[in-house]
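So the structure is just underneath, and the comments pick up after that.
Protein chains: 2
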Amino acid sequence: MKFMDIGEVAARSGIAPSALRYYEQAGLISSVARHGLRRQFSPEVLLQLTLISMGKSAGFSLEEIAGMFGRNGTPDLPRAVLHRKADAIDRQIQELTALRDTLRHVADCPAPSHMECPTFRRLVETAARRAAKPTRTGRPKPRSAPR
Amino acid sequence: MKFMDIGEVAARSGIAPSALRYYEQAGLISSVARHGLRRQFSPEVLLQLTLISMGKSAGFSLEEIAGMFGRNGTPDLPRAVLHRKADAIDRQIQELTALRDTLRHVADCPAPSHMECPTFRRLVETAARRAAKPTRTGRPKPRSAPR
DNA sequence: GTGCCACTTCAAGTCGACTTGAGGTCAAGC
DNA sequence: GCTTGACCTCAAGTCGACTTGAAGTGGCAC
């Protein structure tokens, strides 16, 4: 029965209390009880928060994450949907790989202007072709600087 | 000398004219001339826009992207910085891979509650441990829904 | 030469994901 | 029993990345 109040969850997860309240309101996590006014969280929530962080860094919105992992943190979607999400992530990994390779290439390529380097153009054009594939399910998103 | 005006760039790149003006203002792209009031873009810009899209889907902010690829689209950063960016992307690929594997696991695992499945917990905890590594350079970011 | 329409600028609005601030509550230690 | 400090709620603010709207401009087809 060792429950944590929001400050401890924040300390253990590295997520601000205000964000945790926001997540609760959004239905991503839930507190198991109150001690006076204070929310009490079960240790379980830390695992859920890890899942949420993973989803966020994958570029999913909180709404999408809520869709993947129900309020209790365990996904209750049809297998097919989950596999489609996984496929979307695979495509994103492809894109990231292309970007990483492009970056490493330009770091090492001695050509004066990369725009004229055939290897560079090939890397970018290949990425463009892949991105043009009309298989968009999970999508790229902006980031906001952590404050 | 075949320059394009903004509508054509938008059509070819799939990026809205308003966004292209915003990018120009942010110093991510530049028009080569004006035809009356109208901006004229060189075909080069399409490659730059691909680079920008890649960066965005990697979770970089426009400012970071502007830092990676100068106004002319070719990076002019020290090699070390570029390699560090690439390393950050590598870490993100790791995270995405973990999330994908977790998703595929829950799709196929017959356990009634994933929270009690040891494989599930191991996957998530491994990801948590990796995320806890204090090697943060490139960071995860939220996404806004495409409209 | 006139009308159309794709462009232009600039200010304001929107959206997601939080944070901040004001004002309030309450359990625990003294 | 009183203070303290960690929590509470609710409204408003912020930030990045755009979009929208109003009002104007100018090349080109007719």
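Protein chains in written order, with full-length UniProt numbering: chain A, 1 to 147; chain B, 1 to 147. Every residue, glycine too, gets a C-beta built ideally from N, C-alpha and C. Model, not experiment: these values are computed from the prediction.
Given that a residue counts as buried once 16 or more other Cβ atoms are within 10 Å of its Cβ, and exposed if not, what is residue i?
i, result
"A26/A", "exposed"
"V32/B", "exposed"
"K2/A", "exposed"
"E125/A", "exposed"
"L51/B", "buried"
"A19/B", "exposed"
"S13/A", "buried"
"L47/A", "buried"
"A16/A", "exposed"
"R147/A", "A caution first: R147/A carries a pLDDT of 36, below 50, which makes its placement in the model unreliable, though a value can still be read off. With fewer than 16 other Cβ atoms within 10 Å, it is exposed."
"H114/B", "buried"
"K141/B", "With a pLDDT of 44 at K141/B, under the threshold of 50, the modelled position of that residue is not reliable, and no figure is offered here."
"H105/A", "buried"
"E63/A", "exposed"
"R121/A", "exposed"
"R39/A", "buried"
"G59/A", "buried"
"V9/B", "buried"
"L37/B", "exposed"
Going along chain A, which residues have a C-beta under 7 angstroms from residue i?
i, result
"K85/B", "L103"
"A127/B", "T50, M54"
Could you work out which residues of chain B lie near residue i, taking near to mean beta carbons separated by less than 9 angstroms?
i, result
"E44/A", "M115"
Just the chain B side, please: which residues come within less than 7 angstroms of residue i by C-beta, in chain order?
i, result
"L51/A", "V124"
"A11/A", "Here the premise fails: no neighbours, minimum Cβ distance about 13 angstroms."
"L28/A", "Residues of chain B passing the Cβ test: none, with the nearest at roughly 13 angstroms."
"G67/A", "Chain B residues near G67/A: none, gap ~12 angstroms exceeds 7 angstroms."
"L37/A", "Within chain B, no residue comes near L37/A; the closest Cβ sits about 27 angstroms away, beyond 7 angstroms."
"R34/A", "Within chain B, no residue comes near R34/A; the closest Cβ sits about 22 angstroms away, beyond 7 angstroms."
Would you please state the rounded distance, in angstroms, between the beta carbons of residue i and residue j? I believe it to be under 8 angstroms.
i, j, result
"A86/B", "R100/A", "5 angstroms"
"H83/A", "A107/B", "5 angstroms"
"S57/B", "Q94/A", "S57/B to Q94/A, Cβ: 10 angstroms. No contact."
"I89/B", "L96/A", "5 angstroms"
"L28/A", "A80/A", "Not really, about 23 angstroms apart at Cβ, beyond 8 angstroms."
"F41/A", "M4/A", "5 angstroms"
Starting from the beta carbon of residue i, find every residue of chain A whose beta carbon is closer than 9 angstroms, and list them in chain order.
i, result
"R21/B", "Chain A residues near R21/B: none, gap ~17 angstroms exceeds 9 angstroms."
Strictly below 8 angstroms CB to CB, what residues from chain B border residue i?
i, result
"R79/A", "A107, D108"
Q. Taking only runs of the beta strand (DSSP E) that begin and end inside the segment 23-63 of chain B, which ones reach a length of at least 3 residues, in chain order?
A. 33-35, 38-41, all fully within the segment 23-63 of chain B.
Q: Scan the segment 86-101 of chain A for residues whose Cβ lies nearer than 7 angstroms to a Cβ of chain B and list them as they occur along the chain.
A: Those would be A86, I89, D90, Q92, I93, E95, L96, T97, A98, L99, R100, in chain order.
Q: With a floor of 4 residues, list each alpha helix (DSSP H) that falls wholly inside the segment 74-129 of chain A, ordered by position along the chain.
A: Unbroken alpha helix (DSSP H) runs of no fewer than 4 residues, entirely contained in the segment 74-129 of chain A, are found at 79-108, following chain order.
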